[in-house]
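In what follows, a structure is listed as structure tokens, so that the remarks can point back to it.
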Amino acid sequence: KILITGASGQLGSVLTMELQRRFGVANIIASDLKQNETFIGCFEVLDVTNFEAVNTIVSKYNIIQIYHLVAILSANGEKHPLDAWELNMKTFFNVLEASRINKVKKIFFPSSIAVYGDNAPEDNTSQDFVLSPSTVYGISKVAGENWANYYFEKYGLDIRSLRYPGIIGHQSLPGGGTTDYAVDIFHKAVNNEKYECFLSASTTLPMIYMDDAIRATIELMEAPLEKISVKTSYNISGMSFTPEELHKSIQKIHPEFEIIYKPDFRQNIADSWPNSIDDSHARNDWNWKPKYDLSSMTLDMIKNLEEKYCKIQNT
Ligand code: VAH
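Residue numbers (UniProt numbering): 4 to 318.
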């Protein structure tokens with residue numbers, strides 16, 4: 004059986020459905036502090052900061068794979084730095100130790116482009132450039148990457164990871180990130196409302212469509228171990244764009260859609276991150292290749308959100 008922690012989150016809720024589809028609902032144990040009201044499948048209320056609770060679930064269900072998605076993201080993390088560090092690291096150590104003790108075969112945990120800092124080259128940032136994160140979230144992800152490598156070297160634990168860029172999807176809402184504008188904007192556009200953007204018009208960030216992020220995650224986990232040359236975390240990327248470019252892409256479908264720019268504290272976080280990412284290690288090791296670009300992502304987001312909202316209006 005496969006355990007997902009943080010299964011109610013932006014990525015977790017979509018990954019859970021895809022893993023249920025691929026491996027059968029009965030083989031997927033979703034867990035989080037609380038269950039989404041629309042959830043269908045096996046769910047355990049789990050506080051991952053509690054080692055005993057994690058260990059009990061891993062042994063009770065004979066878990067062979069764990070997708071560990073619990074974390075406080077970049078923007079929220081800056082509001083409560085020490086709480087974010089404590090939660091991101093404590094939950095990760097509990098998953099690592101429960102996996103070591105119960106001989107879990109494979110573990111996935113998300114890293115992020117937030118591991119890079121101001122000193123990194125802005126364009127096509129390489130896999131191996133020195134990491135000097137500017138946020139607690141980024142610091143916790145660099146620490147997580149190094150602990151993953153340590154547990155592989157010392158205990159042979161097969162832990163795999165992706166440095167996600169901003170993830171954009173219609174199936175779920177993001178929570179507490181800096182790239183969340185690229186999701187929020189679509190909900191405003193399909194409801195014919197003006198969008199107030201918390202980043203400046205010219206802020207380029209690496210992004211990936213949810214469908215590509217989910218596929219990359221499963222393709223990484225399904226790849227033979229001998230293909231995995233990166234034991235910290237793989238760079239991956241789908242596309243890069245600015246809020247202005249995203250606005251223009253949406254206006255091709257909704258010409259009247261308006262945006263205003265009111266940068267807030269998240270601008271400094273975004274400015275410390277790369278504009279684009281070199282993901283050649285992922286392409287070479289396990290044939291990573293994105294399918295969505297800015298225009299196909301925009302089309303798919305608007306199509307799905309308009310269906311979702313008109314369903315809500317008709318209920
Ligand atoms: C965030 N969406 O904004 C996350 C992610 C690269 C961005 O880490 O914090």
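Glycine included, every Cβ here is placed at the ideal spot set by N, Cα and C.
Residue(s) in a DSSP beta bridge with residue i
i           : result
residue 164 : 112
residue 320 : The displayed coordinates of the chain run from 4 to 318. Any statement about residue 320 would go beyond what the structure contains.
residue 237 : 165
residue 71  : 8
residue 47  : 34
residue 208 : 244
Nearest-angstrom beta carbon gap, residue j and residue i [assumed within contact, 8 Å]
i           : j           : result
residue 137 : residue 120 : 5 Å
residue 140 : residue 178 : About 12 Å; that fails the 8 Å criterion.
residue 297 : residue 252 : 5 Å
residue 276 : residue 116 : 5 Å
residue 147 : residue 112 : 6 Å
Residue i, buried or exposed, once every other Cβ within 10 Å from all chains shown has been counted against 16
i           : result
residue 124 : exposed
residue 240 : buried
residue 321 : One cannot answer for residue 321 here, as it falls past the ends of the chain, which runs 4 to 318.
residue 172 : buried
residue 83  : exposed
residue 387 : Within the shown structure, residues of the chain are numbered from 4 to 318, placing residue 387 beyond reach of any answer.
residue 29  : exposed
residue 313 : exposed
residue 175 : buried
residue 43  : exposed
Heavy atom of ligand 1 within 8 Å of residue i beta-carbon
i           : result
residue 84  : no
residue 50  : no
residue 167 : yes
residue 177 : yes
residue 295 : no
residue 217 : no
residue 289 : no
residue 15  : no
residue 237 : no
residue 140 : yes
residue 77  : yes
residue 117 : yes
residue 276 : yes
residue 180 : yes
residue 183 : yes
Closer than 9 Å to chain D by CB, residue i
i           : result
residue 230 : Checking the listed chains, one finds no chain D in this structure; it contains a single protein chain.
| request: Mind the definition here: the stretch 96-106 touches the stretch 62-78 only if three or more C-beta pairs lie below 8 Å; say whether that holds. | output: Note that the stretch 96-106 touches the stretch 62-78; at least 3 beta-carbon pairs, one per stretch, sit closer than 8 Å.
| field | the stretch 241-256 contacting the stretch 199-211, beta-carbon criterion three pairs below 8 Å | value | At 8 Å Cβ cutoff, the stretches touch.
| request: Evaluate the contact criterion for the stretch 177-194 versus the stretch 70-77: three or more CB pairs, one atom per stretch, below 8 Å. | output: Contact between the stretch 177-194 and the stretch 70-77 is present, with at least three C-beta pairs closer than 8 Å.
| Does the stretch 148-157 come within contact of the stretch 256-273, defined as at least 3 CB pairs closer than 8 Å? | Fewer than three pairs of CB atoms, one per stretch, sit closer than 8 Å, so the stretch 148-157 makes no contact with the stretch 256-273.
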